[in-house]
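Numbering (my numbering), first residue to last: 1 to 342. Beta carbons are placed, not taken as given, at the ideal position from N, Cα and C, and that holds for glycine. Worksheet for the structure shown next.
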Ligand code: NAD
Ligand code: DAU
């Protein structure tokens, strides 16, 4: 593997992964293939395009478009696909699931089919802990059945099942990683951490869903990237690997931590109506990845502090997004009139 096609590489985790791989492997070339939806942003790769001009290329395209996918693979002599491309926000999947089915299910099939026909060395699927569904106790192992509960999670689980089908049926060399909640630079400010941080900087209320006692495992995006790299190079073909820290954080505690770090008052927390079908807890057993030698470099607290610092220092990146028509319209639709209690 030397020539990687990173689909969805202009998004949050994808752009961090592109930078990480080009820094780490001097002989790797990367082509980012991305549709540039509302979540894709070439600003995320601005420094990459300058620093790695001779080993980096960008193709604008939809993973559902088979001809363009094949053309990019052939033109760039791609030998492995790492697929980050997806619709990713649970709340948007509740409002309108259509694009989720298109990209996360059909788009995955198109990539698999291209990988099979063109004989690629590897297809790696970026998946999520949400495929296991709500986990009231214990921790999900890779062998657990998938039990998704939101349209987003169901579309991602469907993608995973198709990846496995291509391994079993056609012998396509695949791997899958299922990550917990990532935080860090370049995360679109619809996800809870960048939304709360940027709202708090501007003294705008932090909309906390329901009782705020839902639990997530927030880990630093570069720790996730290292885990993907390890599975890509040392993972068992056909294998699934969970990636997370196992640390648990309640949303209400996250809100307090962010406000503390920014020196803002707790009165900014605004309880709002809960998310429909809200999964109260995810938890991953990450012993399989640890057995490959992976350890996260950041604690949850380090990851949060690093993330807050980045948003405080990089207003150039998020202010244009938040003031844009698309974001403003989404925010209104999602949060207007949703307040509950005092
Ligand atoms: P993101 O929303 O920031 O970026 C998604 C990217 O995919 C964007 O650049 C977008 O333009 C691109 N894209 C969307 N539809 C496309 C299509 N049809 N064709 C080509 N490109 C398309 O997403 P993210 O948070 O970086 O997530 C990346 C991947 O990681 C996703 O597969 C997601 O399910 C998974 N994941 C995310 C998290 C998380 O916490 N963010 C955790 C676990 C797994
Ligand atoms: O677990 C991995 C998943 O993490 C990824 O697969 C998804 O792509 C990613 O979006 C994320 O999903 P979540 O639903 O866990 O993340 P989100 O940031 O949307 O919400 C985190 C928690 O915060 C969740 O319990 C809902 C809550 N929340 C979220 C928003 C946007 C709020 O309380 N208020 C909010 O405004």
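Same chain, Cβ closer than 7 Å to residue i, neighbours up to 5 away in sequence not counted
| i | result |
| --- | --- |
| residue 30 | 4, 6, 18, 21, 22, 55 and 56 |
| residue 102 | 64 |
| residue 277 | 149 and 150 |
| residue 27 | 2 |
| residue 240 | 142, 176 and 178 |
| residue 257 | 304 |
| residue 217 | 180, 181, 244, 245, 246, 247, 248, 282, 283 and 284 |
| residue 222 | 16, 20 and 184 |
| residue 272 | 207, 208, 209, 335, 338, 339 and 340 |
| residue 224 | 13, 179, 182 and 243 |
| residue 97 | 151 |
Sequence-distant residues of the same chain with beta carbon closer than 6 Å to residue i, five excluded per side
| i | result |
| --- | --- |
| residue 109 | 162 |
| residue 234 | 292 |
| residue 39 | 11 and 188 |
| residue 130 | 153 |
| residue 78 | 3 and 5 |
| residue 201 | none |
| residue 231 | 175, 177 and 241 |
| residue 186 | 12, 15 and 44 |
| residue 215 | 248, 250 and 281 |
| residue 89 | 190 |
Beta-carbon contacts of residue i that lie in its chain and below 8 Å, excluding the five residues immediately before and after
| i | result |
| --- | --- |
| residue 318 | 189, 194, 198 and 311 |
| residue 66 | 110, 113 and 114 |
| residue 24 | 229 |
| residue 104 | 86, 87, 152, 155, 156, 158 and 159 |
| residue 261 | 304, 305 and 308 |
| residue 117 | 70 |
| residue 133 | 146, 147, 148, 149, 153 and 279 |
| residue 36 | 10, 42 and 60 |
| residue 167 | 173, 174, 237 and 238 |
| residue 270 | 205, 206, 207, 208 and 339 |
| residue 91 | 190, 275 and 334 |
| residue 51 | 22 |
| residue 144 | 132 |
| residue 321 | 41, 188, 189 and 327 |
| residue 165 | none |
Residue i classed as buried or exposed, judged by whether at least 16 other C-beta atoms fall within 10 angstroms
| i | result |
| --- | --- |
| residue 357 | This structure gives no information on residue 357, because the portion of the chain shown stretches from 1 to 342. |
| residue 340 | exposed |
| residue 13 | buried |
| residue 213 | exposed |
| residue 126 | buried |
| residue 338 | exposed |
| residue 136 | exposed |
| residue 326 | exposed |
| residue 332 | exposed |
| residue 251 | buried |
| residue 140 | buried |
| residue 46 | exposed |
| residue 138 | exposed |
| residue 8 | buried |
| residue 314 | exposed |
| residue 95 | exposed |
| residue 122 | buried |
| residue 34 | buried |
| residue 93 | buried |
| residue 296 | buried |
| residue 226 | buried |
| residue 72 | buried |
| residue 80 | buried |
One or two residues paired with residue i in a DSSP bridge
| i | result |
| --- | --- |
| residue 339 | 272 |
| residue 250 | 215 |
| residue 12 | None; residue 12 has no bridge partner. |
| residue 34 | 60 |
| residue 21 | None; residue 21 has no bridge partner. |
| residue 5 | 31 and 81 |
| residue 281 | 215 |
| residue 41 | DSSP lists no partner for residue 41. |
| residue 240 | 176 |
Legend entry - Any alpha helix (DSSP H) of 4 or more consecutive residues that is wholly inside the region 180 to 223: Segments of the alpha helix (DSSP H) lying fully in the region 180 to 223: 192 to 201.
Legend entry - Segments of 3+ residues assigned as beta strand (DSSP E) that fall wholly inside the region 95 to 177: Listed in chain order, the complete beta strand (DSSP E) runs (minimum 3 residues) inside the region 95 to 177 are 122 to 128.
Legend entry - Ordered list of alpha helix (DSSP H) runs contained in the region 284 to 327, each at least 4 residues: Whole alpha helix (DSSP H) segments, 4+ residues: 287 to 290, 300 to 313 and 315 to 323.
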